[in-house]
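Asks: One structure, pasted below without further comment.
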Amino acid sequence: DAGITQSPRYKITETGRQVTLMCHQTWSHSYMFWYRQDLGHGLRLIYYSAAADITDKGEVPDGYVVSRSKTENFPLTLESATRSQTSVYFCASSDQGALSGYTFGSGTRLTVV
Amino acid sequence: ILNVEQSPQSLHVQEGDSTNFTCSFPSSNFYALHWYRWETAKSPEALFVMTLNGDEKKKGRISATLNTKEGYSYLYIKGSQPEDSATYLCALYSGGGADGLTFGKGTHLIIQP
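If you read the protein sequences in the order shown, they are chains A and B. Sequential numbering of the first sequence, starting at 20, is according to the numbering used here. Sequential numbering of the second sequence, starting at 695, is according to the numbering used here.
This is the structure:
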């Protein structure tokens, strides 16, 4: 089915472990984004990508790594998870960057214990 | 970091009444303003993308206006229905080489039957 899918939906990991959140879209949208959602904050941009092999930092990139070897995939890796990275993570894609509406995935709820 | 403010933070409205809420943003370096509806347990869904001062957009009973010179946008809901209950997010794109949106914290709308 066409769409944007995130996996896993829920994840519990221990402090210091590496964890990768997956995002896959089927529209061949050029732009993809990772946001985190925390109480008291709006959605905050972690990283974004304008095309395959092009990525850039957003507002809160520290502790995260991204890659985009294929247009349809945009994984987000927490290299050494910390409790402050407990959050809900949303992936989004867009045809024309911020000049067209974003389509969001269902989110991944990550708990770091 | 851009400051995108939404007010009120939450709003209770009787079914059938009309309502509106506000998104304020820095008027300099404006490129686009987005509105999203975010229902509980779902992902944000794009409503409008507005780029021109004086823009008015409409989708069913929901409409939005934009004033880029004074830095605000209004979202209007006419004849509120229970299915309109959601959090409404606005987000600003200010260009400058960064393609991500800066989101406000949202207005949480509850429609009371």
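Just so you know, even glycine gets a beta-carbon here, dropped at the ideal spot from N, CA and C. The structure presented is a predicted model; accordingly, all values stated were derived computationally and were not measured.
Using a C-beta cutoff of 8 Å, does residue 117 (chain A) count as contacting chain B?
Replies: Yes - at least one Cβ of chain B is within 8 Å of the one on residue 117 (chain A).
Asks: State the start and end residues of the unbroken beta strand (DSSP E) segment that holds residue 772 (chain B).
Replies: Where residue 772 (chain B) is concerned, there is no enclosing beta strand (DSSP E), given that its DSSP letter is neither H nor E.
Asks: In chain B, which residues lie with their C-beta within 7 Å of the C-beta of residue 125 (chain A)?
Replies: Simply 737.
Asks: Identify the continuous beta strand (DSSP E) that holds residue 715 (chain B) and give its terminal residues.
Replies: From DSSP, the beta strand (DSSP E) with residue 715 (chain B) extends over 713–718.
Asks: Looking at the unbroken beta strand (DSSP E) that takes in residue 732 (chain B), where does it start and where does it end?
Replies: That run of the beta strand (DSSP E) goes 726–732.
Asks: Starting from the beta carbon of residue 52 (chain A), find every residue of chain B whose beta carbon is closer than 7 Å, and list them in chain order.
Replies: By Cβ distance, chain B contributes 794.
Asks: Pull up the distance between the alpha-carbon of residue 778 (chain B) and that of residue 767 (chain B), whole angstroms please.
Replies: Spanning the two alpha carbons is a distance of roughly 19 Å.
Asks: Please report how far the alpha carbon of residue 56 (chain A) lies from the alpha carbon of residue 717 (chain B), in whole angstroms.
Replies: The straight-line gap from Cα to Cα measures roughly 19 Å.
Asks: Can you find the residues in the same chain that come closer than 7 Å, C-beta to C-beta, to residue 84 (chain A), ignoring five residues on each side of it along the sequence?
Replies: Hits under 7 Å: 96, 98.
Asks: Pull the bridge partners of residue 56 (chain A) from the DSSP assignment, please.
Replies: DSSP lists A:107 as partners of residue 56 (chain A).
Asks: CA-CA distance, residue 704 (chain B) and residue 712 (chain B)?
Replies: The straight-line gap from Cα to Cα measures roughly 15 Å.
Asks: Would you mind working out which of A:58, A:24, A:44, A:79 sits nearest residue 187 (chain A), comparing C-alpha positions?
Replies: Residue 187 (chain A) lies beyond the residue range present for chain A, which begins at 20 and ends at 132; the question has no answer from this structure.
Asks: Under 7 Å Cβ-Cβ, which residues of chain A neighbour residue 797 (chain B)?
Replies: Residues of chain A passing the Cβ test: 61, 62.
Asks: Short check: CB of residue 119 (chain A) to CB of residue 93 (chain A), under 8 Å?
Replies: No, Cβ-Cβ distance for residue 119 (chain A) and residue 93 (chain A) is not below 8 Å.
Asks: My guess is that residue 125 (chain A) and residue 737 (chain B) are in contact by the Cβ rule of under 8 Å, so how many angstroms apart are they, rounded?
Replies: So it is a contact: roughly 5 Å between Cβ atoms.
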